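Undergrad:
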Amino acid sequence: MPVCSIVADHKSEERYSKLSLAYSTEEERKMIEEAISACTPLCSIAANIYGGDVVGGKKMITIEYHDDCDREGGKVFEEIIKQLGIEKCH
């Protein structure tokens with residue numbers, strides 16, 4: 017998959033992790049939603065998924081896992097990043 021302009025940001029603490037994906041186009045939004053749909057079943061915990069606006073006209077979709085004692089969300093995030101062709105996560 018070609019490199020895209022989606023910007024990924026990851027944060028985690030004990031039993032909590034979050035991946036935010038900032039995008040600019042409708043095509044990128046659809047790519048993100050497809051990757052989320054394909055990858056979230058890899059985790060036994062239900063993800064909290066929400067969106068919002070960011071500066072510069074970008075929008076964001078965020079995936080969060082709470083009470084993730086076994087850190088299952090990490091494999092979901094890795095697979096999403098891989099499917100989207102993101103080379104660097106902040």
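Residue numbering for the sequence shown follows my numbering, beginning at 17 and increasing consecutively.
In this text, a Cβ means the ideal position worked out from N, Cα and C, and glycines have one as well.
All values derive from a computational prediction rather than experimental measurement.
Spell out a yes or no on whether the region 73-83 and the region 35-51 are touching, meaning 3 or more CB-CB pairs, one atom from each, closer than 8 Å.
TA: yes
Undergrad: For a test of the three-state rule: what should DSSP assign to Gly68, helix, strand or coil?
TA: strand
Undergrad: Less than 6 Å between C-beta atoms, sequence neighbours within five positions excluded: which residues of the same chain meet that for Asp25?
TA: Ser36 and His106
Undergrad: Could you work out which residue in Val70, Cys85 and Leu100 is closest to Ile61 when comparing CA atoms only?
TA: Out of Val70, Cys85 and Leu100, Cys85 has the C-alpha closest to the C-alpha of Ile61.
Undergrad: Applying the criterion that 16 or more other CB atoms from any shown protein chain within 10 Å of the CB defines a buried residue, is Tyr81 buried or exposed?
TA: buried
Undergrad: For Tyr32 and Ile65, I'd like the C-alpha separation in whole angstroms.
TA: Straight-line Cα distance between these residues: approximately 14 Å.
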